[in-house]
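Given below as structure tokens:
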């Protein structure tokens, strides 16, 4: 699967060209009476977790929480501010929300990153909130409904808010979205909150069998192209007991697959005094009643230790799946990116995983056209991609991001050359991922059913993460096996791959491994 950003030399939100025809979600998750707020989430799975924390806070204050912008008193758009296209999508969604007649509030990464600048350039929004507003989100929205003016913040580097030494960071009074811990005051529990020693500050906004679990926030790396650490802050892990409590709560709501997310999952535990914390946590999460699959995402290759590779590849209930952030494979380009590795080192890492789990899945993203990139660098990347046998490849064309080191680097590649390289690598990625899917013909896969609609049963094998890696469609068996009509979301079945469509698979279900609890048969 290939995704791309739009080339642009200007990432300032004041100069984006929005459009107003974006449709809003129609899903609804009602709660309580009175004021109605719609939470619209853009960007990554980490933002989805943040939105569900906001939903819990608002529900506790009596708000009806929905994901449908129509008829809402307030629409909160949890924006993405990572790259230019994401910022355009955020602006368009804010404008579409304003067209509903509701009061509009911008939150999330783009709001945090630009603050007052975004507020000045987008008068359609009644408020632009910082992460520091999240603990008091209900009070902020009450003020918006009352017509009070909320002054947007002046952005600052959030890394400066936390101690330099990782082990000292948890004591700092800093808002960390998605960590589920009230920074000020207490949040009432509701009927969904389990009887744990600590609260689970989260309310699900959908009923699907998959949910993300945030391991940590922030990042201590200094990649030259990335602005995320400046507005997400330094790296802070959540404690294992927090994660286990939330995971058990998610399982009780019907979640069957946990996707562990963060800016850098391989750093988990370094600020807790245990660099092997993730390796220890994985079997505990996999043992939770009702959970049939745990998936780790956002791995940094330079920090992926042999013990972690072994834990992911061999722990029962953990998907042998490696979401590795390679970004490039040419050593000179990686050094300019302030990253580490090479084609051969990355191939060795993949080989070590496949030695333990031959059918292991692997995906990564790559940037083409980074300042100083040469034809030889591109050829080296082609060499890596051809040998790596990745299941999914995201190709991004480089464009300057304000506030990053790369924006000031010399040796900029011309826009025409970037596009030519992007087109070449995208076509190659499509071909290679299709070939990798074909390698799985005749193999046995474990498929978690995601949806059943009009007789079409769609799910994902262990090497397919939600949204980004393709899917597996289950088809009728010729003889025995599993009755397709009886399958429900959340079922885990063993199936044989019989066909491919690009990165997607077709498979015949052979046997039920674990039926979703409570589903009528």
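Numbering (my numbering), first residue to last: 1148 to 1668. Built from N, CA and C at the ideal position, the CB exists for glycine as well. A quick note: this is a predicted structure, and the numbers were derived from the prediction, not measured.
Are the beta-carbon atoms of residue i and residue j separated by less than 7 Å?
i            : j            : result
residue 1385 : residue 1326 : yes
residue 1593 : residue 1641 : yes
residue 1387 : residue 1425 : no
residue 1247 : residue 1237 : no
residue 1476 : residue 1445 : no
residue 1655 : residue 1643 : yes
residue 1378 : residue 1324 : no
residue 1482 : residue 1516 : no
residue 1369 : residue 1284 : no
residue 1546 : residue 1259 : no
residue 1490 : residue 1447 : no
residue 1392 : residue 1460 : no
residue 1433 : residue 1443 : no
residue 1348 : residue 1502 : no
residue 1250 : residue 1196 : no
residue 1313 : residue 1417 : yes
residue 1628 : residue 1657 : yes
residue 1575 : residue 1622 : no
residue 1631 : residue 1661 : no
residue 1322 : residue 1281 : yes
residue 1548 : residue 1320 : no
residue 1536 : residue 1583 : yes
residue 1358 : residue 1308 : no
residue 1663 : residue 1637 : yes
residue 1394 : residue 1360 : yes
residue 1519 : residue 1558 : yes
residue 1524 : residue 1560 : no
Starting from residue i, follow the beta strand (DSSP E) in both directions and report where the run begins and ends.
i            : result
residue 1593 : 1591 to 1600
residue 1509 : 1508 to 1515
residue 1281 : Residue 1281 -> no beta strand (DSSP E), and no H or E assigned at all.
residue 1469 : 1468 to 1470
residue 1187 : 1183 to 1188
residue 1211 : 1211 to 1213
Under the assumption that residue i contacts residue j (Cβ atoms under 8 Å), give the Cβ distance between them as a whole number of angstroms.
i            : j            : result
residue 1253 : residue 1288 : Incorrect: roughly 12 Å between the Cβ atoms, too far for contact.
residue 1184 : residue 1221 : 5 Å
residue 1511 : residue 1471 : 5 Å
residue 1419 : residue 1390 : Contact flag wrong, Cβ pair sits at about 11 Å.
residue 1539 : residue 1617 : 7 Å
residue 1529 : residue 1580 : That pair is no contact at about 14 Å.
residue 1228 : residue 1257 : 3 Å
residue 1310 : residue 1303 : Contact doesn't hold; Cβ gap of about 16 Å is too wide.
Excluding five sequence neighbours on each side, which residues of the same chain lie with their C-beta closer than 7 Å to the C-beta of residue i?
i            : result
residue 1336 : Note on residue 1336: pLDDT 44, under 50, position unreliable in the model; no value is reported.
residue 1202 : 1186, 1212, 1350 and 1352
residue 1484 : 1370, 1371, 1372, 1474, 1475 and 1517
residue 1306 : 1376, 1377, 1380 and 1381
residue 1430 : 1462
residue 1271 : 1241, 1242, 1245 and 1251
residue 1366 : 1375, 1376, 1379, 1382, 1410 and 1411
residue 1164 : Unreliable placement is indicated for residue 1164, whose pLDDT of 32 sits below 50; the coordinate value is still reported in the next sentence. No residues qualify anywhere along the chain.
residue 1659 : 1629, 1638 and 1640
Could you check where the alpha helix (DSSP H) with residue i kicks off and where it finishes?
i            : result
residue 1457 : 1453 to 1461
residue 1194 : 1192 to 1207
residue 1479 : 1478 to 1483
residue 1491 : 1490 to 1503
residue 1533 : 1522 to 1535
residue 1260 : 1255 to 1261
Between which residues of its own chain and residue i is the CB-CB distance below 6 Å, once the five residues before and five after are set aside?
i            : result
residue 1675 : In the structure as shown, the chain begins at 1148 and stops at 1668. Residue 1675 is therefore absent and cannot be evaluated.
residue 1469 : 1500 and 1509
residue 1404 : 1357, 1440 and 1595
residue 1355 : none
residue 1451 : 1413
residue 1169 : Since pLDDT at residue 1169 reaches only 34, below the 50 mark, its modelled position is unreliable, and the value read off the structure follows with that caveat. Correct list, in chain order: 1239, 1240 and 1243.
residue 1504 : 1460 and 1467
residue 1458 : 1426 and 1429
residue 1437 : 1398
Can you list, in chain order, the residues of its chain with a C-beta nearer than 8 Å to that of residue i? Leave out the 5 residues immediately preceding and following it.
i            : result
residue 1603 : 1620
residue 1175 : Low confidence applies to residue 1175: its pLDDT is 39, below 50, so where it sits in the model is not reliable enough to give any reading.
residue 1219 : 1183, 1184, 1185, 1213, 1247 and 1249
residue 1181 : 1209, 1210 and 1211
residue 1493 : 1448, 1471, 1473, 1476, 1531 and 1535
In chain order, which alpha helix (DSSP H) runs of at least 4 residues are fully inside the segment 1368 to 1436?
1375 to 1379, 1387 to 1399 and 1424 to 1433
Identify every run of the alpha helix (DSSP H) within the segment 1549 to 1586, keeping only runs that are complete inside it and at least 4 residues long; order them along the chain.
1562 to 1586
Ignoring anything shorter than 3 residues or poking outside the segment 1613 to 1645, list the beta strand (DSSP E) runs there in chain order.
1619 to 1621
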